[in-house]
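Okay, so the sequence shown: first residue is 1 according to full-length UniProt numbering, each after it adds one. Using N, Cα and C, we set each Cβ at its ideal position, and we do this for glycine too. Quantities reported herein were computed from a predicted structural model and do not represent experimental measurements. Everything below concerns the one structure shown next.
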Amino acid sequence: MNFKLHNDFPSVNPEKLQDVYASVGWMNHNADIITKVFNASTHVTLAMDNDRVIGFGRVELSNLV
1 MNFKLHNDFP
11 SVNPEKLQDV
21 YASVGWMNHN
31 ADIITKVFNA
41 STHVTLAMDN
51 DRVIGFGRVE
61 LSNLV
């Protein structure tokens, strides 16, 4: 296994994230929805094993003061 963390969502095909969503029962997240939520995120980290997404985290900060 070759684990790496990436902070660059645009470099990953959103369809590769669908398997992670499906693994926890979130079957309605298609590539378009995934792209929208990740593009709205202020911080993204993707856990990769070679070319496969095995996990991720994202944060969407609002204008809270």
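Residue state for alanine 47 is assigned as strand, using DSSP reduced to three classes. When Gly25, Glu15, Gly57 are compared, the shortest CA-CA separation from isoleucine 33 is found for Glu15. Distance between serine 41 and histidine 29, taken at the CA atoms: about 16 Å. Distances from the CA of glycine 57 to each of Asp49, Phe3, Phe38 were compared; the closest alpha carbon is that of Phe38. Distances from the CA of leucine 46 to each of Met27, Ala22, Asn7, Phe3 were compared; the closest alpha carbon is that of Asn7. Annotated as distal: asparagine 13 and asparagine 50, with beta-carbon spacing of 8 Å or more.
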